[in-house]
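See below for the structure under consideration.
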Amino acid sequence: MGISLQDQLLKAGLVDKKKANQVRKEKKQQNKNAQKGHGKVTDEVKQSAKAAQKAQAERDRQLNLQRKAEADKRALQAQIRQLIEMNQISTDEGEIAYSFTDSNKIKKLYVTEKIQSQLSKGQMAIARFDDGYALVPNGVADKIKQRDQDVIIFISDAPQIADEDDPYAEFQVPDDLMW
Numbered sequence: 000m001g002i003s004l005q006d007q008l009l010k011a012g013l014v015d016k017k018k019a020n021q022v023r024k025e026k027k028q029q030n031k032n033a034q035k036g037h038g039k040v041t042d043e044v045k046q047s048a049k050a051a052q053k054a055q056a057e058r059d060r061q062l063n064l065q066r067k068a069e070a071d072k073r074a075l076q077a078q079i080r081q082l083i084e085m086n087q088i089s090t091d092e093g094e095i096a097y098s099f100t101d102s103n104k105i106k107k108l109y110v111t112e113k114i115q116s117q118l119s120k121g122q123m124a125i126a127r128f129d130d131g132y133a134l135v136p137n138g139v140a141d142k143i144k145q146r147d148q149d150v151i152i153f154i155s156d157a158p159q160i161a162d163e164d165d166p167y168a169e170f171q172v173p174d175d176l177m178w
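Residue numbers (numbering that gives the first Met the number 0): 0 to 178.
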């Protein structure tokens, strides 16, 4: 095997023995520090690992918030569905067409005369339910509105109080004028 560069430099007289020992010590120390993890390279790796861990934690937190919001939304929809199912009023034998608007379209529900009267007085409301509509009492409609404004389609304005000075208050509206 050949002579090391350090030995060659010593023989040539370009480096003294003291300087060669100092360089050897520094090299050993660098190797020792690198093995223990004291090097600059390992610090950068640790910092990048910590940054990646923080970024992952933030992504996980955002994902959890999104999942929670979706779960809350589903819970509200389930509550609304349950309120409508439990308080829905049947309109099976209705013969009178009651017209209302839904998204700028006129829709009709066939109801009884009693239900028509309650709808016009504001005692009942029309709610969107599945692919159709459901009639619910006004109190339930208020609870549904608190949860989601878009489910309740129609609630008549406050009950109309007859004007004392109305000269036509005694006369009933003919059936053919009702729509």
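In this text, a Cβ means the ideal position worked out from N, Cα and C, and glycines have one as well. Small disclaimer: the values here were computed from a predicted structure and weren't measured.
- Look at the region 35–110 and you find these whole runs of alpha helix (DSSP H), each 4 residues long or longer: 39–86.
- The beta-carbon distance between residue 147 and residue 75, rounded to whole angstroms, is 6 angstroms. This is short enough to meet the 8 angstroms contact definition.
- Collapsing the DSSP output to three states places residue 131 in a strand.
- Put simply, the backbone Cα of residue 73 is about 10 angstroms away from that of residue 80.
- Counting along the chain, residue 154 sits inside the beta strand (DSSP E) bounded by residues 151–154.
- For the options 111, 5, 101 and 105, the alpha carbon positioned closest to that of residue 95 is the one of 111.
- In the DSSP assignment, residue 112 falls within the unbroken alpha helix (DSSP H) covering 112–120.
- In the assembly as shown, residue 132 is a buried residue. Its beta-carbon has 16 or more other beta-carbons within 10 Å.
- Restricting attention to 136, 122, 92 and 120, the CA atom closest to the CA of residue 85 is found in 136.
- Assigned with DSSP and collapsed to three states, residue 143 falls in helix.
- Looking at the DSSP output, residue 136 sits in a beta bridge with 123.
- Apart from the 5 residues on each side of it in sequence, residue 171 has no Cβ closer than 8 angstroms to any other Cβ in its chain.
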